[in-house]
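One structure is given below, encoded as structure tokens.
Protein chains in written order, with the numbering used here: chain E, 98 to 559; chain G, 98 to 559; chain D, 98 to 559; chain C, 98 to 559.
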């Protein structure tokens, strides 16, 4: 998972890119980068860490240019990543090129072999480099960037939303299935912004226009003239359901649906699908809140906060041993005994991945005095991995890959457990099931994919 | 404002101190420190930054000892602070002493002059050093620590909750007015923990017992025998109302009242005191949430989230100019247009200090399409500064110091504005008004205090 | 200028590579890197800074492998360099390849255009990437590394000493003119080491064998069998005189001559060519010492230290203004008044580049009381830039490019000034003038070269 | 060991203090600090590391003030030091005070007990804090700083050169025995500089005047009027011989003698005391050079460099094992085989402490082919520790504490070994033996001292 942004304006764009990346920070906390230009040589700053720690006022001042792209990256485990920091950039002949990518190319190995056969060296294991090789190959034949994008759409399998900068012109495109989101809007100064989510457009004070269509390319030339091109047309789309379930920010509008209301609506359906005579509805913050609100509204059971999240909890919390790991849930989510004691509590969350956290939360709420703990989940059981860029657990870690609802309920220690039906989910999104990718819950992907092994590692960094 | 903790156990306490400081992080994000010991020489680690960045596994391992104290510090503006990092420690004769302090000594200058007259050098401008001088002075006369605490309570004016470590024995005490909170509980291993808030006790998996009484001292000797001593008795108490309004975590129980429910109850009163025919009740997260929930429950107007907080927003967000500063509220709190458009919205917050943020939020919600924006505040108008450790704005920055509700409403651009009454607040807390410090809203303090100037700065650090 | 090293052994080589880079630190203080392997995937650590600050015990432990290469880089001014950190590495098909390079390719632009025409992307502006493209191009045609090296020697113009690692086999080669040094020796464990200077071999406790011949390639396969191949044969050689004059360490033996004794012998010639009736011979440390010793021996004038060098002087000394810059020579080289007062002093240095430092030293020695200051220089006047990797000043900064000895003497304020003759230099080295590159002092280079512009910059790093 | 400096000028002194500390860097590489003022509040910057890494242009700009003091500290082993970073500063009543100290107070424990009895808290284990307590105690009785200095000289045993800043007035004084050096001079702008060594005066472009006399105090008031006061008069002096042997820079003039020439003269005496029929005289750089030059001049045996020092060798060189530790001498000091092969070599060094380095050097020179290795040492055998601030090895590590010259010669593997006689040393310095502290070589100290234990550690820093 990653977040991308591209901005063309009449003034320097570095501060707006910074704000946009801040708004997209939830899509990737491992590293971030910005490339800017003024129709010539480029300037860049890329680093590991959060946006807040990577950029300072001085750096933003030096990132001059009225056109630019940015990227936040999710920490991918297993594969070497230090070399894959984005945006990716290079010069080719007289061209200055930079690009950033969100998604996962499932036929990476095939494409890499193909280009190595032509004598291309790959310096990273990033999907982005594949895209750059295609662009170069087309430029070499005096083809246009549009030709290159069309070729990407013909030969790349997988998900990809891309922003591309070449000699100060901005291109952005989205794979024909629309697996990863990408939209655009106007900046307050009349410029253009493309970004993974609408919140980035709003974050810079702009006005969100619409999503880029699957297979569509948007091009802003040096006169800031905007051009839309349909580069490919799939028979159906495959919008990712997990963006709605968990990944996207609740205040984003993705492919026409406000994420918050999709979640609230699922919560409402959950109350209908699995009613329970309880005293309070409680969210597991922050991801369960919209679902819980919907459940409460439909069931007329009071929405009461029972678990208070520690706002300072980061990835670095130290847990020296298993016993302490268990204790850590108390630091992260502290139950309010006074709210749960002797009560039947409905706990609402978005999904269950490994099940360990759910088990510890249920235990913690029981320990705080709850009489009953009914768990309601805003998604169907996650049974399969994602091949298109969402970093779920591997198959053997997914509690849902082998177990049914009853067993899971027992394992997490809940009084009852219910998952939202696929129907409820599809209805809430408001898009036909055939235009959604439901692979992680049905095992049916938009096109055949094999289990992707970790890509060939160039080198290990110490 | 600060957070303090002290733990005595049968095993190493550094990890528990770390967890407790994590739970108290909201009381101070400027620096943190731990001192541990095993009835002899002490070990320490103190640094600027968040708890998560200051301590790592290696450091915690080196902080050996079954007794220890910890501190998180709030960034105080104006006075030099680099020298004032806590806990404070020193050896005196054969004694190893460390202490940490939450509060503000209002007769600091008088006491400092008194001790300088005796030839004492002050190396910091911290209140804590005053307390250490008193302890030394008593030890010198072969008096006990209990004597020293009694003397503190006689001569110190102001607020102070203190944890003190001497030769492996733990002492904790609270000023006779109880201005700053301090409670204790049992650890899972049967040890003792004292901490600013009950969440720290729960955060280490312990069981909260009760608050330390104003004027009370608790002492745990080397055999872990616990002793309670009433060292002073004021005619009335002066529990801080602002802990309930804003400062303490909502899941803490302070002086008998669950903070969340105090806030919810005020919200409920607000709905009665200032009802309005609106479509939705919306919180300004996170501080307004409990109030908003109470308002919604009482008014039967739906609680709907309309402002989504960026979870990655830190102190370091760059705002190069005024115009951009205005824009920054969009990054921090993004309104969901779909939830507010053409609606009458009740926005609930805990308090208004300068008024600038409130103005920007109201504007942002209007810009997102709200038809009416009714502001409801969970506290009376803050008119006066706090002299006891809460870092509010200075008097001329407080929007409430000169303005009445009507004017403030106009200035922040709200359709209507209402502040909770003092009665509602007192009722919600459940403690007699005479036992509360309401100085910031009434101007009446528990005892006469002058405007405290910035203390003499020893030196400026580059 | 750079330093390179490659080691094949029976045990882990990272510590030996580290020691070797330490011994070569004078060849480059900007950055350093190591790549190691065990006939498969590679491990690397590369960073800006001195060898001492880049590597620690933990890092060296993680750099496992019995084969490896290392590099120290000189800070090149003007061109973007952050991307050019070495060793350079990549995978190609199933091959793991790393290489490090010392030298300067004068037909870089032509070669880059040629490979871009073939669709190759250049991600750096480093000469090393050109070499890697040639290797790939040959591998693609199923040619051997030997073929690739032969092709390098055919098409590359300029200087290059290279160490190359491919699938655990080590290759090293030197351009047909021998412009940059490269030698090899045995390690204490019976392995092989190639390095820019013999001091690196001695630094790891090994035994220096001989220089790699111009146009020669050395290859160590996976069985540690060593193979020598003559890949090209130039009609004459072009060993760099500046390595002897200044760049190489005095304790290195380069192409058969001990650098210290070359310098001492030039000093001796200087005493014959330009005798002067003076009281003492004084070195400008450290570069002038061997010359001064030779001068003293030949002239029988006492060698006395008069300028004491501050051993802690680094690149970071702050000089806020021109006036302070002048003062800085006092910090760097403090004259001993007692040794120079009222005396005729002979100051000996290796060369004069811009002339500003010489002027300040002469002034400083006069200020300390010297009656006469006779400057003697261990090289002919440097009139022309170097195109083969030595970073002298640009032509218009070279004091010798326009001025004759008399004018320079006047400008630096010396009583008299004499430069060593080319004959003295050639005699001292003991190699025929036709086999030396004397371009910087004669303007005659081993082959025609144009003024090399700064290479196309990919991007500017903030 | 430490270095101190104080400057009063008409313009900002921070840059001059920085230059002076650079010139004194050899006296302490552990930490450094500067305090400046303009007759009021002070500004400071103190940190661990070298002067070059601690200060940057921005920091120096912020260190405003026309009066200031600075300090470099030697890493003391065994005792906790993080708290002892200097200069030390504090406010007392209305006074702003800072001080820095070089030396060692041998009755520290007695004095500390005395002041603790009076109720003083000690926050550090630094001698400097003792001095500050004395100053406070006198100010409290309305005595002057001069009175305080007189009292220091009465009650402190040990060595101390001190610079003191109080309300913008500079004081400097030296203990009655003159154990540690301290001199003063004029700055280029007509101001005053006091510093541990004359090189610091020259380093800022100033003119050295003379040493501060033992027992003398210098005072510069706010009108920059300079006053000299004899505060104490000892019956004899005790100038440290080790400053001449090793510690001071060779270009410093200390108590009337140029250090370089003291060393050269000892070298000359060595040639007379222990002549040997050898081929070359070789220095162990850098400390042996002046001695070797003297030996060569007297003996007429050629001075030839045979050991080349790696200029980049720092404290951080990694030596994972004993075997590698032995190897490290090759990295640090590389022998030139061509200069020593089959020759009788005289190696000259300043002193032998543990003997291990000497043994490795002798072995390395023999390994490089030397036929004979005659070691000549510029000091008598070091038999006893120093109690006055020179950090020699502890007694049981001193090779000379139990062994005679013959045994040491055998242990280090030399062909012959000779130490300079005490007479030669005293003659070279030109000061009566009764006015020198020769404790480390004779065991006779200027006054009775006990073995000083490590001072009470306040706390251990993680």
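Positions of the beta carbon are idealized from the N, C-alpha and C atoms, including for glycine.
Cα separation between residue 127 of chain D and residue 144 of chain E? About 20 Å.
So residue 216 of chain C contacts chain G; which residues on that side make the cut at Cβ distance below 8 Å? 215, 216, 217, 233, 234 and 237
If residue 346 of chain C sits next to residue 123 of chain C, beta carbons under 8 Å apart, how far is it from one beta carbon to the other, in whole angstroms? 6 Å
Report the CB separation of residue 197 of chain C from residue 247 of chain C in whole angstroms; it is logged as a contact under 8 Å. In fact, because the Cβ distance is near 20 Å, the residues do not count as touching under 8 Å.
Hey, quick one: how far does the beta strand (DSSP E) through residue 261 of chain G stretch, first residue to last? Residue 261 of chain G -> beta strand (DSSP E) spans 255–263.
Touching by the beta-carbon criterion (3+ pairs, under 8 Å), the segment 462–470 of chain C and the segment 431–445 of chain C: Taking a cut-off of 8 Å for Cβ pairs, the segment 462–470 of chain C and the segment 431–445 of chain C touch, as three or more such pairs fall below it.
DSSP beta-bridge partners of residue 221 of chain E: Per DSSP, none; premise fails for residue 221 of chain E.
Opposite residue 325 of chain C in the DSSP bridges: which residues? C/315
CB-CB under 6 Å to residue 233 of chain E, same chain, minus the five flanking residues each way: which ones, in chain order? 189
Say whether chain C places a C-beta atom closer than 9 Å to the C-beta of residue 300 of chain D. yes
Reference residue 164 of chain E, options E/524, E/105 and E/324, closest by Cα: E/105
On the criterion of 16 or more Cβ atoms from any shown chain inside 10 Å, does residue 545 of chain C qualify as buried, or is it exposed? exposed
For the segment 214–231 of chain G and the segment 263–276 of chain G, state whether three or more C-beta atom pairs, one from each stretch, are separated by less than 8 Å. no
Give a yes or no on whether the minimum CB-CB distance between residue 175 of chain C and chain D is below 9 Å. Reliability of the predicted coordinates at residue 175 of chain C is poor, the pLDDT of 41 falling under 50, and the value obtained from them is presented with this limitation in mind. No, no contact with chain D.
Contact check, residue 402 of chain D vs residue 357 of chain C, beta carbons under 9 Å: Taking a C-beta distance under 9 Å as the contact criterion, residue 402 of chain D and residue 357 of chain C qualify as a contact pair.
Residues in its own chain within less than 7 Å of residue 157 of chain D by CB, not counting five upstream and five downstream? 111, 112 and 115
Under a CB-based cut-off of 9 Å, is residue 279 of chain G close to chain E? It does not: the Cβ of residue 279 of chain G has no partner Cβ on chain E nearer than 9 Å.
Go through the segment 336–424 of chain D residue by residue and report every complete run of the alpha helix (DSSP H) that reaches 4 residues or more, in order. Those alpha helix (DSSP H) runs which fall completely within the segment 336–424 of chain D and span 4+ residues are 356–370 and 386–396.
Against chain B, which members of the segment 102–114 of chain G pass a CB distance test of less than 7 Å? In the displayed structure, chain B is absent; the protein chains listed are E, G, D and C.
Per-residue DSSP class, three states only, for residue 174 of chain G: Because the pLDDT of residue 174 of chain G is 45, which lies under 50, any placement of that residue in the model is unreliable, and the question is left without a value.
Please state whether the Cβ-Cβ distance between residue 335 of chain C and residue 100 of chain C is less than 9 Å. no
Please state if the CB of residue 385 of chain C and the CB of residue 365 of chain C are separated by a distance shorter than 9 Å. no
Taking a contact to mean a Cβ-Cβ separation below 9 Å, would you say residue 393 of chain D touches residue 432 of chain D in this structure? For residue 393 of chain D and residue 432 of chain D, no; Cβs fall outside 9 Å.
Closer than 8 Å, Cβ to any Cβ of chain C: which residues of the segment 134–145 of chain G, in chain order? 138, 139, 140, 141 and 142
Any beta carbon from chain G within less than 9 Å of residue 546 of chain C's own beta carbon? no
Beta-carbon proximity list for residue 109 of chain D, same chain, < 7 Å, skipping 5 on both sides: 161, 162 and 163
If we call anything under 9 Å between Cβ atoms a contact, is residue 65 of chain C one with residue 475 of chain C? With chain C covering only 98 through 559, there is no way to say anything about residue 65 of chain C.
Helix, strand or coil for residue 239 of chain C? Go by DSSP, reduced to three states. coil
For a cutoff of 9 Å on Cβ pairs, would you count residue 340 of chain G as touching chain E? no
If you count every other CB in all the chains shown that lies within 10 Å of the CB of residue 323 of chain G, and 16 or more means buried, which is it? Exposed: under 16 other Cβ atoms inside 10 Å.
With residue 309 of chain C and residue 269 of chain C assumed to form a contact (beta carbons below 8 Å), what rounded beta-carbon distance in angstroms separates them? 6 Å
Assuming residue 103 of chain E contacts residue 166 of chain E (C-beta within less than 8 Å), just tell me the rounded distance between them. That belief holds up - the Cβ atoms of residue 103 of chain E and residue 166 of chain E are roughly 4 Å apart, short of 8 Å.
DSSP beta-bridge partners for residue 470 of chain G? Residue 470 of chain G pairs with G/442.
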